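Protein chains in written order, with our numbering: chain S, 1325 to 1433; chain X, 1325 to 1433.
Ideal Cβ positions, reconstructed from N, Cα and C, are used throughout, including at glycine.
Keep in mind that this is a model prediction, so the values were computed, not measured.
Below is one structure; the comments refer to it alone.
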DNA sequence: CGTTAATATCGTAATATTGCAATATATAAA
DNA sequence: TTTATATATTGCAATATTACGATATTAACG
């Protein structure tokens, strides 16, 4: 096998897990960290910043974009990338809801 | 290839990406959701709740435990699982920090 | 048009993940 | 000790992911 039975779970579970999955690689976290530091940049800047080849960075950017974590604006031959807060807010509120419920109902073993 | 060059990234990037990765599957999100609803439970309860086989649930529980997201207390032949808030708090504060910086410095393209 | 620059896609190889059946382990009860 | 219960591990097959070199695409510039 190796596939995920996503039809067996709720839409929200699938949505948040897809965003979490996109953040489940250090290179993509590093890309977000860099984007946060510089505000916005083009793909080539990230290639210079991280020790990965250009096609690899491009693929990671694609996954971040598919998850809604970044957006890209075409500027001539370059593409200007920046963080999109929506997906971040989605999983942040999911986690905050977990923390709130844990604090209110601390019946942990 | 298929491996991750984790030695190329910062310890924090590796730490948070490992936690995110553990949440990057809908079955593991569903397990957390169920644990949050019932407070604590044993593996068999989750097997009855989710449409996955017992070894598969056991494997997912192992990954959640490795990431620090749950803890398990042995109670006779069963193991009582519950959410551990530390890992949740780690990535929640990481995301909150991103959101704060995005609000303060909105130079997005 | 030809060239350059920036990014994306393709092809391929290696590794990782997912899932289940079968089996192993470990404790409790009879 | 035997049996039942609960969970973990192993072995396997299928799929997914990661990474890079080579190539394609696209737009600006001369």
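With a minimum length of 4 residues, the unbroken runs of alpha helix (DSSP H) contained wholly in the segment 1358 to 1422 of chain X fall at 1367 to 1373 and 1378 to 1390. Under the criterion of beta carbons closer than 8 Å, residue 1367 of chain X and residue 1393 of chain X do not qualify as touching, at roughly 15 Å. Take residue 1338 of chain X, set aside five residues on each side of it, and the residues of its chain with a beta-carbon closer than 6 Å to its own are 1330, in chain order. Residue 1393 of chain X is outside the set of residues whose beta carbon lies under 7 Å from a beta carbon in chain S. Annotated three-state conformation of residue 1347 of chain X is coil, per DSSP. The beta carbons of residue 1345 of chain X and residue 1363 of chain S sit no closer together than 7 Å.
Listed in chain order, the non-local C-beta contacts of residue 1390 of chain S below 6 Å within the same chain number zero, local neighbours out to five positions each way being set aside.
Taking 7 Å as the threshold, the shortest C-beta distance from residue 1379 of chain S to chain X does not fall below it. Contact check for residue 1353 of chain S against residue 1382 of chain X fails: the beta carbons are separated by 7 Å or more. Judged by DSSP in its simplified three-state form, residue 1424 of chain X adopts helix.
Residue 1328 of chain X carries a coil assignment under DSSP once its states are collapsed to helix, strand and coil.
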